[in-house]
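The next block holds one structure in the form of structure tokens; read it before the comments.
2 protein chains.
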Amino acid sequence: MIRISKKVEYALMALKFISNSEHKLVTAREISDKGNIPYDLLSKILQKLKNENILISNQGTNGGYSMNKRPDEIPLFSLMNVIDGETAIAECLMDNSVKDCCLTDSCSIKNPVTVLQKEVEELFKKKTISDFV
Amino acid sequence: MIRISKKVEYALMALKFISNSEHKLVTAREISDKGNIPYDLLSKILQKLKNENILISNQGTNGGYSMNKRPDEIPLFSLMNVIDGETAIAECLMDNSVKDCCLTDSCSIKNPVTVLQKEVEELFKKKTISDFV
DNA sequence: TGAAATAGGACTATGTTAGTCCACATTTAA
DNA sequence: TTAAATGTGGACTAACATAGTCCTATTTCA
């Protein structure tokens, strides 16, 4: 399931916003207002980014977020993984897919789909947040 | 929303199966049985492929499906469009997206997302069914 | 005429995504 | 020391998309 979800869009917008506010803490409220992003949802996203050490957070009055990595150090692929969890181009290629699926075992299209998966991953790994800033 | 859905998987499996049965009509039931694909769902898929002139169908007893195009004439991209409808890597890039979305107008990440969309499309246009047969 | 096949509309079930609500923890300024 | 500003995080709900099912035609052939 390769796809840019709303959450990833929001994350990209937030990272862009924070990146462009060098040396200044940015609050979730600010990003939410400027980007027209639901505040609660955005908060969750920022928290995840903080937990993955992509952002630094400061609580309390005058708190906010700042970058902990350079945009070019953050591949789009890992951002998507952080926000939406593991992704694969087809359900069956995912590790946790225990379901009996056409792609398991000697499935007729497993190999070519796996190849495609690799190619898409490559593309998303080459892209970094700097491409969006 | 770029993704290989179950339906597209089933379509790929079916096309592979039909391609490998040269000069013989293949029934939906056969494909369903061999590929462990829900019959009703598969039928819908085959009908779509027929309506798009990818397959030829013959009704009635001894009927079935046969290829109407060579696998290398069918890009994966158009197959996905036929089966699942128009796809885009982000919801907002879709033509029918009338919703007020962050990516409309002067959205901060619209351009890079559009570029990414093009790149993914390229990849899926270069792939053809012959890569899966 | 009846069986084997495609054609296709309508519906349901399930899962995912997006979004909301609420209570709490931390920090700073007054 | 308290109130306001801010991040933290769990639980819930709403909306939507996908996958799958059911049922009834229609066509063709033996």
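Line by line, the protein sequences are chains A and B. Position 88 of the first sequence, counting from 1, maps to 88 under my numbering, and the rest follow consecutively. Going from the second sequence to my numbering is simple: count from 1 and add 133. Positions of the beta carbon are idealized from the N, C-alpha and C atoms, including for glycine. Here the structure is a predicted model, which means the values were calculated and not measured.
Candidates the options: closest to residue i by CA position
i	options	result
A:N51	A:Q117, A:Y39, A:Y65	A:Y65
B:F200	B:N153, B:G193, B:E163	It is Met, not Phe, that sits at residue 200 of chain B in the sequence shown. Taking only the C-alpha atoms, the option nearest B:M200 is B:N153.
B:K258	A:I129, A:K125, A:L116, A:E121	A:L116
A:R70	A:E119, A:K44, A:Q47, A:K16	A:K16
A:K24	A:L55, A:A90, A:D84	A:L55
B:K167	B:M146, B:I262, B:E219, B:I137	B:M146
B:I262	A:N58, A:I109, A:I2	A:I109
A:N58	A:A28, A:L93, A:V120	A:A28
B:L212	B:Q180, B:E224, B:L226	B:Q180
B:L256	B:E219, B:E224, B:F210, B:N214	B:F210
B:L182	B:S165, B:V253, B:I207, B:P171	B:I207
B:I137	B:T220, B:S165, B:E163	B:T220
A:K118	A:I37, A:C107, A:L93	A:L93
B:N169	A:I45, A:E30, A:C107, A:G85	A:C107
With 16 other Cβ atoms within 10 Å as the buried cut-off, status of residue i
i	result
A:V26	buried
A:K127	buried
A:L41	exposed
A:K6	buried
B:T194	exposed
B:G196	exposed
B:E142	buried
A:V98	Note that A:V98 scores a pLDDT of 43, beneath 50, so its modelled location is shaky; the value from the coordinates is reported in the next line. It counts as exposed.
B:I151	buried
Whole-Å CB distance - residue i paired with residue j, under 8 Å assumed
i	j	result
B:M222	B:A144	Checking the displayed sequence, the identity of residue 222 of chain B turns out to be Ile instead of Met. B:I222 to B:A144, Cβ: 20 Å. No contact.
B:P245	A:D131	5 Å
Note to self: Quick check on the DSSP output: what are the complete alpha helix (DSSP H) runs of length 4 or more inside the region 7-35 of chain A, in order along the chain?
What the structure shows: As far as the region 7-35 of chain A is concerned, its whole alpha helix (DSSP H) runs of at least 4 residues are 28-35.
Check: If you measure beta-carbon to beta-carbon, which residues of the region 139-154 of chain B are closer than 8 Å to chain A?
Finding: Of all residues in the region 139-154 of chain B, K139, E142, Y143, L145, M146, K149, F150 have a Cβ within less than 8 Å of some Cβ in chain A.
Check: What are the residues of the region 120-131 of chain A that lie near chain B, defined by any Cβ-Cβ distance shorter than 9 Å?
Finding: Only those residues of the region 120-131 of chain A whose C-beta falls short of 9 Å from the nearest C-beta of chain B are listed: V120, L123, F124, K127, D131.
Item checked: Proximal residues, the region 167-183 of chain B versus chain A, C-beta separation under 8 Å -> So the list reads G168, N169, I170, given in the order they occur along the chain.
Checklist line | 4-residue-minimum alpha helix (DSSP H) runs that sit fully inside the region 202-228 of chain B, ordered along the chain | finding: Counting only runs of 4 or more residues that sit fully inside the region 202-228 of chain B, the alpha helix (DSSP H) segments are 209-217, in chain order.
Checklist line | Short-range partners of chain B found in the region 78-92 of chain A, where Cβ spacing is below 8 Å | finding: Under the 8 Å Cβ criterion, the region 78-92 of chain A contributes I89, A90, E91, C92.
Check: Along the chain, which unbroken stretches of the beta strand (DSSP E) at least 3 residues long are found entirely within the region 40-68 of chain A?
Finding: Counting only runs of 3+ residues, the beta strand (DSSP E) found wholly inside the region 40-68 of chain A occupies 55-58, 64-67, in chain order.
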